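Written out below as structure tokens is the structure these notes cover.
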Amino acid sequence: MDVLLQQLINGLILGSLYALVALGYTMVYGILELINFAHGEIVMVGAMVSVSVLVALTAAGVPVALALPLALAAAVVVCVVTGVLVERVAYRPLRNAPRLAPLITAIGVSIVLQNLAMIFWGRQYLSFPPVIEVQVYAVLGATVSNIQILILVVAALTMGGLLLLVNRTRLGRAMRATAQNREVAGLMGVDVNRVIAATFIVGSALAAVAGLLIASYYGIAHYNMGFILGLKAFSAAVLGGIGNIPGALLGGLLLGVIESLGAGYIGDLTGGFLGSHYQDIFAFLILILVLTFRPSGLLGERVADRA
Amino acid sequence: MSLLEVQGLAVHYGGIRAVKGIDLQVEEGEVVCLIGANGAGKTTTLRALAGLLPAAAGSIRYAGSAVTDLPVHARARIGISLVPEGRGVFPRLTVAENLDMGAYSRRDRAGISADLEHVYGLFPRLYERRAQTGGTLSGGEQQMLSLGRALMSRPRLLLLDEPSMGLAPLAVQKIFETIRLIADQGMTLLLVEQNARLALESSRRGYVLEGGCIVHQDDAAALLASPKVRAAYLGA
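Those sequence lines, one after another, are chains A and F.
Sequential numbering of the first sequence, starting at 6, is according to my numbering.
Sequential numbering of the second sequence, starting at 1265, is according to my numbering.
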């Protein structure tokens, strides 16, 4: 088996998941300069809701081809409502507060959502039901499963849709204008509050898609899965240049690949001292390196451009 | 009935009462300027008229209805357009996208493309640079873009905040030529300018603001001739 190719494939798939989540961080940061630490929890809610609905529907005999889209739709609705509520209740009242206040609030919201999920779903892992029969294909000495392909396709379609929305629609133009100069966007007739709400809606819908895909990728969902995932996706967004949408895509993919390669080779590199379960250190190592050597990220603009 | 009627307007800015109860009117089709020293409250007044700052007291009536409590985007949609101090060009949108944003509240595609042609006619430089991002333009070009973008909303009342600020003399000349041109075409203008001579020469009437209060108001020609105004604002 070709280990390098295999880790690249795994990394690409993992990375597309990170990219989906990183987009949510970067979009909100672009508009509000707020690091929405609750975003990882929105992904968790998406995973929990989609798994629960999927379990219930398949138990009731609903065919998979119908149950999967319904589970996704349920996750999107719950995530969007949660995201909009969080913005309205927790962030909007602090719009003009010093930046530390909404940041701490975001961490608070994250803890609240985790605990609500624990109360609602309990502490146990929810298993993703085996609704799709796994088929494995051999590609040039590596393997890829039909589920992995499905994840990649759905993630790519979702990200493509987002790029179209941001670059080709009136709402997208209003979002970019608001991100660049909120006051002047208002002077153009843009209802800035609605654009900010729309940003949370879009980011939360992406989180719902990511939640379903991540649950199917790992086969489980859990009330605190959003924490480490959120930190990694945030690292991916910073790697690409926070506030920059292509940067979040690039950062997510790179982080996934680096993590996979790291997990694959860390044993050899350390002479067996560290095993592949240390893969989480790579995301944070990268975060530290980026913040030290290139704080604006790979595609981030120089800070002077923001003035 | 005046297009704009301001009564007793007071505005707080940065914890101080920057505008202390002013009255002013602008008639439809008229060009009026607001002159005064740095910190007299000129910009604060314009920002309150556009809805960027709340009125602490007083009322703003526009086209016969009270707009004092309308949010900024709602005022933009009924034809009040502010060209802000410092120009406020979207740095990472192209020139064409910036102009498109000016027409954000409009749906009449034919009218928008006609106005786009009109703006490109006023400023051929913007047409040449339509695919460049706003942040790459020179100061004078950014001022053209900001003015052109405001025209794209087809405003009924155009508020101009310090259009000459930070520009080379040639660029100032070009901007004011255009301002006079759109005024001649019937646009209603309220102009704030530190360059009092330039402002008065382009206006029909003027108000002189001092410490947040209006201390003189007259025809522009009379203000230009007034010894007091000449001594304080025209350096003569």
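Glycine residues also receive a C-beta, built at the ideal position from the N, C-alpha and C atoms.
Computed from a predicted structure; not experimentally measured.
(request) Give a yes or no on whether 8 Å exceeds the smallest Cβ distance from residue 1366 of chain F to chain A. (result) yes
(request) Tell me where the beta strand (DSSP E) around residue 1287 of chain F begins and ends. (result) Run containing residue 1287 of chain F: 1280-1290, per the beta strand (DSSP E) assignment.
(message) Taking only three categories from DSSP, how would you classify residue 1397 of chain F?
(response) strand
(message) Is there a Cβ of chain F sitting closer than 8 Å to that of residue 178 of chain A, yes or no?
(response) Answer yes: the Cβ-Cβ gap between residue 178 of chain A and chain F drops below 8 Å somewhere.
(request) Note down, in chain order, all residues in the stretch 27-52 of chain A with a beta-carbon under 9 Å from any beta-carbon belonging to chain F. (result) none
(request) Measure the alpha-carbon distance for residue 1321 of chain F versus residue 79 of chain A and round it to whole angstroms. (result) 49 Å
(message) Contact criterion: CB-CB distance below 8 Å. Does residue 1489 of chain F meet it with respect to chain A?
(response) So, not an interface residue.
(request) Tell me, please, whether the stretch 1265-1276 of chain F touches the stretch 1436-1444 of chain F by the rule of three or more beta-carbon pairs shorter than 8 Å. (result) Cβ pair count under 8 Å is below three, so no.
(message) Measuring only the C-alpha atoms, how far is residue 175 of chain A from residue 77 of chain A?
(response) Straight-line Cα distance between these residues: approximately 26 Å.
(request) Following the continuous beta strand (DSSP E) through residue 1295 of chain F, name the residue where it begins and the one where it ends. (result) 1295-1300
(message) I want to see whether chain F comes within less than 8 Å of residue 204 of chain A, judged by CB atoms only; does it?
(response) no
(message) Taking 8 Å as the threshold (C-beta atoms), are residue 216 of chain A and residue 23 of chain A in contact?
(response) For the 8 Å CB-CB criterion, residue 23 of chain A and residue 216 of chain A do not form a contact.
(request) Give a yes or no on contact between the stretch 1422-1437 of chain F and the stretch 1330-1350 of chain F, applying the rule of three or more CB pairs nearer than 8 Å. (result) yes
(request) Would you kindly check if the distance between the Cβ of residue 1404 of chain F and the Cβ of residue 1431 of chain F is under 8 Å? (result) yes
(message) Just list the residues that DSSP pairs residue 1474 of chain F with in beta bridges.
(response) F:1477
(message) Can you check which of these residues, A:246, A:87, A:127, A:152, is closest to residue 32 of chain A by C-alpha distance?
(response) A:246
(message) So residue 206 of chain A and residue 111 of chain A are supposed to be a Cβ contact under 8 Å. How far apart are they, rounded?
(response) About 17 Å; that fails the 8 Å criterion.
(request) Answer with yes or no whether the minimum CB distance from residue 242 of chain A to chain B is below 8 Å. (result) The structure shown contains no chain B; its protein chains are A and F.
(request) Reducing DSSP to helix, strand and coil, say where residue 1425 of chain F ends up. (result) The answer is strand: DSSP assigns residue 1425 of chain F an E or B state.
(request) Closer than 7 Å by beta-carbon distance: list the chain F residues that pair up with residue 186 of chain A, in chain order. (result) Within 7 Å Cβ-Cβ: 1352, 1354.
(request) Excluding the 5 residues preceding and the 5 following residue 1317 of chain F in the sequence, name in chain order all residues of the same chain whose CB lies nearer than 6 Å to its CB. (result) 1275, 1311
(message) Which complete alpha helix (DSSP H) runs does the stretch 1307-1348 of chain F hold, if anything under 4 residues is left out?
(response) 1336-1341
(message) When you compare the CB positions of residue 136 of chain A and residue 65 of chain A, do they come within less than 8 Å of one another, or not?
(response) Against a cut-off of 8 Å, the Cβ pair of residue 65 of chain A and residue 136 of chain A comes out as no contact.
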